[in-house]
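Offset between the sequence shown (1-based) and UniProt numbering: plus 3.
Cβ atoms here follow ideal geometry from the backbone N, Cα and C, with glycine treated the same way.
Just so you know, these numbers come straight off a predicted model, no measurement behind them.
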Amino acid sequence: ASFRKRLVMGNWKMHGGLEANAGLLADLRAGAGILADYCTLAVCVPFPYLAQARSQLENSAVSWGAQDVSAHDKGAYTGEVSAAMLNDFACTWVLVGHSERRAMHAETDDLVAAKAKAALAAGLVPVVCVGETLEQQDAGQTLAVIQRQLAPVLALGTQAVSRLVVAYEPVWAIGTGRSATPAQAQDVHAAIRASLASIDAAQVRVLYGGSVKPDNASSLFAMPDIDGALVGGASLVADEFLRIAAA
Ligand code: PEP
Numbered sequence: 004a005s006f007r008k009r010l011v012m013g014n015w016k017m018h019g020g021l022e023a024n025a026g027l028l029a030d031l032r033a034g035a036g037i038l039a040d041y042c043t044l045a046v047c048v049p050f051p052y053l054a055q056a057r058s059q060l061e062n063s064a065v066s067w068g069a070q071d072v073s074a075h076d077k078g079a080y081t082g083e084v085s086a087a088m089l090n091d092f093a094c095t096w097v098l099v100g101h102s103e104r105r106a107m108h109a110e111t112d113d114l115v116a117a118k119a120k121a122a123l124a125a126g127l128v129p130v131v132c133v134g135e136t137l138e139q140q141d142a143g144q145t146l147a148v149i150q151r152q153l154a155p156v157l158a159l160g161t162q163a164v165s166r167l168v169v170a171y172e173p174v175w176a177i178g179t180g181r182s183a184t185p186a187q188a189q190d191v192h193a194a195i196r197a198s199l200a201s202i203d204a205a206q207v208r209v210l211y212g213g214s215v216k217p218d219n220a221s222s223l224f225a226m227p228d229i230d231g232a233l234v235g236g237a238s239l240v241a242d243e244f245l246r247i248a249a250a
């Protein structure tokens, strides 16, 4: 995986505040420099803090993005934020289809693909999150679920797919302290890459997410098809996030 530069991305979810963020962003900026040769570092912050992330991270080794984006360009969509608006804050990345949005905001596979399309059209890199629930895993449906989630995204075409990032996040591993084992994750990552086969699958980064911590990151990153991590809880503590990146 040496030709795919590793990507370690934080997902702050609905955490933070101006004052707490200031310290965290300063620590990330200070600590990221030496890691930047080996991996790309990024944080996805709540919308109101994009301006703060921009002002504190500009010209640093850490890039920033949002946690969601509208599939629409503009219009009567109260509460939505467009890809062009994210561009106004110089975002590089945007998460789409995080399991919390699929579960709590009824986002369908088609909507997630439409969001990815809108992001790509604006020059943003969508990080398309996929992953099965515990029930689906117990029923042996992991790969079927992921293929279903990815299908409308793959239908965007090879050009689109070659520009996005996929994050495999088993729902049962998110925020639970129970990570997938490296071998478990590798199997799914290899299957995801195989499903990208017609595209330049060797170029697309596939991240693992779900209870990644400093002490399990290196064994996950040792897997050939794991190209980095999407980190929730541990991304709120600069030292933990930087130790994951160092792994
Ligand atoms: C996530 O929600 O993207 C995530 C991976 O969370 P955590 O690291 O806290 O499990």
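Which residues in the same chain as residue i place their Cβ atom closer than 8 angstroms to its Cβ, once the five residues preceding and following it in sequence are excluded?
i	result
residue 189	226, 227, 228 and 229
residue 84	50, 69, 71, 72 and 73
residue 180	214
residue 276	The structure shown has nothing for residue 276, since the chain only spans 4 to 250.
residue 95	45, 66, 67, 68, 127 and 128
residue 3	Look at the range of the chain in this structure, 4 to 250, and you will see that residue 3 is not part of it.
Would you please state the rounded distance, in angstroms, between the beta carbons of residue i and residue j? I believe it to be under 8 angstroms.
i	j	result
residue 127	residue 14	Not confirmed; about 16 angstroms, so no contact.
residue 224	residue 241	Actually they do not touch by this definition, with Cβ atoms about 19 angstroms apart.
residue 24	residue 52	6 angstroms
residue 166	residue 7	Between residue 7 and residue 166 the Cβ distance is about 13 angstroms, and since that is not below 8 angstroms, they are no contact.
residue 168	residue 130	4 angstroms
residue 175	residue 210	Actually they do not touch by this definition, with Cβ atoms about 17 angstroms apart.
residue 251	residue 206	Outside the shown range of the chain (4 to 250) lies residue 251, about which nothing can therefore be said.
I'd like to know whether the C-beta atoms of residue i and residue j end up nearer to each other than 7 angstroms.
i	j	result
residue 67	residue 56	yes
residue 134	residue 171	yes
residue 233	residue 212	yes
residue 45	residue 12	yes
residue 132	residue 101	yes
residue 42	residue 9	yes
residue 221	residue 185	no
residue 112	residue 152	yes
residue 65	residue 27	no
residue 86	residue 119	no
Only counting the same chain, and skipping five residues up and downstream in sequence, which positions put a Cβ closer than 6 angstroms to that of residue i?
i	result
residue 193	228
residue 5	In this prediction, residue 5 has a pLDDT of 43, which is less than 50 and means its spatial position is unreliable; what the coordinates show is noted afterwards. Answer for residue 5: no residue qualifies.
residue 105	none
residue 59	28
residue 103	none
Less than 7 angstroms between C-beta atoms, sequence neighbours within five positions excluded: which residues of the same chain meet that for residue i?
i	result
residue 236	178
residue 92	53, 54 and 57
residue 61	none
Could you tell me whether any Cβ in chain B is nearer than 7 angstroms to the Cβ of residue i?
i	result
residue 185	Of the chains in the structure shown, none is chain B; there is only one protein chain.
Quick check for students: name the residue ranges of the beta strand (DSSP E) that lie wholly in the stretch 67-135, counting only runs of 3 or more. Within the stretch 67-135, the beta strand (DSSP E) runs of at least 3 residues that lie entirely inside it are, in chain order, 96-99 and 128-133.
Is the number of C-beta pairs between the stretch 137-149 and the stretch 69-76 that are closer than 8 angstroms three or more? No, the stretch 137-149 is not in contact with the stretch 69-76.
Quick test of the definition: if touching needs 3 or more C-beta pairs under 8 angstroms, does the stretch 237-246 touch the stretch 206-217? Using a Cβ-Cβ distance cut-off of 8 angstroms, the stretch 237-246 and the stretch 206-217 are in contact, since at least three pairs of beta carbons, one from each stretch, lie closer than that value.
Is it true that the stretch 151-168 meets the stretch 31-38, where meeting means three or more beta-carbon pairs spaced less than 8 angstroms apart? These segments do not touch.
With three or more C-beta pairs closer than 8 angstroms as the rule, is the stretch 192-204 touching the stretch 111-127? Taking one beta carbon from each stretch, the stretch 111-127 and the stretch 192-204 have fewer than 3 pairs nearer than 8 angstroms; the two do not touch.
Only counting runs of 3 or more residues, tell me where the beta strand (DSSP E) segments fall wholly within the stretch 156-205, in order along the chain. The stretch 156-205 contains these whole beta strand (DSSP E) runs: 168-171.
Run through the stretch 5-32 for me and flag every whole beta strand (DSSP E) of 3 or more residues, listed as ranges in chain order. Those beta strand (DSSP E) runs which fall completely within the stretch 5-32 and span 3+ residues are 9-14.
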